[in-house]
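Heads up, the thing below is written out as C-alpha cells.
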Amino acid sequence: PSQFRSVIYSSHSLEDAPSVLSVHRYTPKGDLSNLVVVRTLAFPINPSDVNQLQGVYPSKPEKTLDYGTEEPSAIAGNEGVFEVLSVPSHETSLKAGDWVIPLDANQGTWSDHRVFKNASDLIKVNGLDLYTAATIGVNGVTAYQLVHNYINWTGNNEWLIQNAGTSGVSKIVTQVAKAAGVKTLSVIRDRDNFEQVAKNLEDKFGATKVISESQNNDKVFGKQALPAILGKDARVRLALNSVGGKSSSSIARKLERDALMLTYGGMSKQPVTLPTSLHIFKGLTSKGFWVTENCRREPQTKIDAIRELIQLYKNGALVSPKDEIIATGVDPQASDSELLQAVRGGIKSPGKQVIVF
Ligand code: NDP
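Per the numbering used here, residue 749 is the first one in the sequence shown, and the count goes up by one each step.
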C-alpha cells in the first residue's frame, strides 16, 4: 500500500487516555523494497499500552515527525502479530506470508501496516493461532520467564503460588509450570461462582489447585487444610505476585525457607507488604520482574521463550487464549472514526481486548 494508517498520540492524559489518540494516514518513509513490510493481523490492548498513553509508564517510544504529523507523535501499542508482505531481496530468514511479532517494545503496533529495517527486528511465530500469536510476546513471555528464569526445578513435589490466578499471565503460568512438572497453587478473589471458575482454571488451564483470597488470608486454613493440599515433602519455592497488599503477604507466608517472591503487577494498587519475620527468619527474597527490561537487556531470552512456547503450543500443552479474548474486528475499509472508536472502546472495556484487522 502507498498509505499506512496508524493510531497515534502526541500528548498524554492520566484521566482520559483514549482521548489522546487519533487516526493518521501517511506515506511511509524510505524505499519499501529495502525494508520488511508487514500487514497487521491483530493487536491486543495491554495495561502497559494504556499506561503509556497516560504518561505513567517508564518505557516509551520516542515521538517523531516521521509520520508527517504537525506535532511529534508516536504510534500506540507494543504488541501484535503481523503478516510479512515483502522483504528486501537479500533477506533469507523471512518470506512473504510469514507471521511475525516485534522483538522490541515501543515499535507501535496499533497500525494497519508497519515497516522494519531488518528481519532480526521480528520473531517468526508461524503455526500459532491468531489470538495466541497476538498475545504471546508480552503475557506468554512473561509467564515463561517467571516460571523458568529464576528457579532450577527438580520435579519433586515442587510448587509455585500465585495470586490473580484468573489473569491472562497466570493462566499461561499454570500451563507452562505443568509442562515442567511444577505444581501451581492459584489464589483468586472470592466470588459467587468460585467453584466454577476454580474448576475451569484446574481443568482447562492446568492449575493444580485453586484457593480463594479468604483461604489465602486464613491462618487456620494455612496450618490445617494447606498441608493436605500440598502433600508430603512439598516445597513451595516461588511466589508470583501481581496484586500487592495483603494478598502478597499471604502468598509469601506459604513459601519455604530461602524462597523467592517475584512481583510483576500491582492490580490492587496497594504497596507490596511483607511480614518482617519472613525476611529475617525465613530468608525470603523479594524481587521485581519486568519483561520489557529483561528483553531489552537480553533479547535472546525473548526469542528463546517464544520458541519454547511455540513448542508447548504445538504439543497441546498450551491452549489458545481465544475464549478469554474479546475480539473486535475492524474491516480494512472501515473509516478512520470506526477504527478509532474500536480502539477507544477496547481501552474502556474490561477483559482482554484484541483488535483484529
Ligand atoms: P488480565 O486483565 O488478564 O487480568 C487481571 C487480573 O487482575 C485478574 O486476575 C483480576 O482478577 C485481577 N484483579 C483485577 N483487579 C484487582 C484488584 N483490585 N485486586 C486484586 N486482583 C485484581 O491481566 P494480564 O494477565 O494482562 O496482566 C496481569 C498483571 O500483570 C497486570 O498488572 C499487568 O500489568 C502485569 N504484567 C506485568 C508484566 C511485567 O513485565 N511486569 C508483563 C505482563 C503483565 P479477577 O478475576 O478477580 O477480576
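Ideal placement from N, C-alpha and C gives every residue a C-beta, glycine not left out.
Query raised in the report: Quick one: what's got a C-beta closer than 6 Å to residue 977's C-beta in the same chain, skipping five residues either side?
Result: Around residue 977: 957.
**Report entry** residue 936 CB to nearest heavy atom of the ligand NDP below 7 Å
**Finding:** Distances taken from the Cβ of residue 936 to the heavy atoms of the ligand NDP include one shorter than 7 Å.
Query - Segments of 3+ residues assigned as beta strand (DSSP E) that fall wholly inside the stretch 798-883 - result: 829-834, 847-850, 861-864 and 870-872
Report task. Out of 813, 790, 769 and 775, state which residue places its alpha-carbon closest to the alpha-carbon of residue 800. Result -> Looking at the Cα atoms, 769 is the closest of the given residues.
Query - Span separating the alpha-carbon of residue 1106 from that of residue 837 - result: For residue 1106 there is no data in the structure shown, the boundaries of the chain being 749 and 1105.
**Report entry** Same chain only: Cβ atoms within 8 Å of residue 859, ignoring 5 sequence neighbours per side
**Finding:** Here the set comprises 752, 753, 754, 755, 788, 823 and 825.
Query raised in the report: Do residue 983 and residue 907 have their C-beta atoms within less than 8 Å of each other?
Result: yes
Report task. Taking residue 949 as part of the alpha helix (DSSP H), name the residues at either end of that continuous run. Result -> 942-951
Query - Counted within 10 angstroms of its Cβ, other Cβ atoms place residue 867 as buried (16 or more) or exposed - result: buried
Requested in this report: Count the other C-beta atoms from every protein chain shown that fall within 10 angstroms of the C-beta of residue 1071, then say buried if there are 16 or more, exposed otherwise.
Outcome: exposed
**Report entry** Run of the beta strand (DSSP E) containing residue 955, from where it starts to where it stops
**Finding:** Unbroken run through residue 955: none, as it is neither H nor E.
Query - Residue closest to residue 921, alpha-carbon to alpha-carbon, out of 955, 903, 943 and 902 - result: Of the candidates 955, 903, 943 and 902, the residue whose Cα lies closest to the Cα of residue 921 is 955.
Query raised in the report: Around the C-beta of residue 785, are 16 or more other C-beta atoms found within 10 angstroms, so that it is buried, or is it exposed?
Result: buried
Query raised in the report: Exposed or buried, what is residue 938 when buried is set at 16 or more other beta-carbons lying within 10 Å of its beta-carbon?
Result: exposed
Query - Where the beta strand (DSSP E) containing residue 756 begins and where it ends - result: Membership of residue 756 in the beta strand (DSSP E) is indicated by the continuous run 752-757.
Query raised in the report: So, do the stretch 1038-1057 and the stretch 831-848 have three or more beta carbon pairs nearer to each other than 8 Å?
Result: Output reads no: the stretch 831-848 does not touch the stretch 1038-1057.
Report task. Find out if the Cβ-Cβ distance for the pair residue 880, residue 1061 is shorter than 8 Å. Result -> Cβ atoms of residue 880 and residue 1061: closer than 8 Å.
Requested in this report: Tell me whether residue 1091 counts as near the ligand NDP, meaning its Cβ is closer than 7 Å to at least one heavy atom of that ligand.
Outcome: Taking the Cβ of residue 1091 as the reference point, every heavy atom of the ligand NDP lies at 7 Å or farther away.
Query raised in the report: Where does residue 989 fall in DSSP's three states?
Result: strand
Requested in this report: Would you tell me roughly how many angstroms separate the C-alpha atoms of residue 832 and residue 780, rounded to the nearest one?
Outcome: The alpha-carbon separation between residue 832 and residue 780 amounts to approximately 13 Å.
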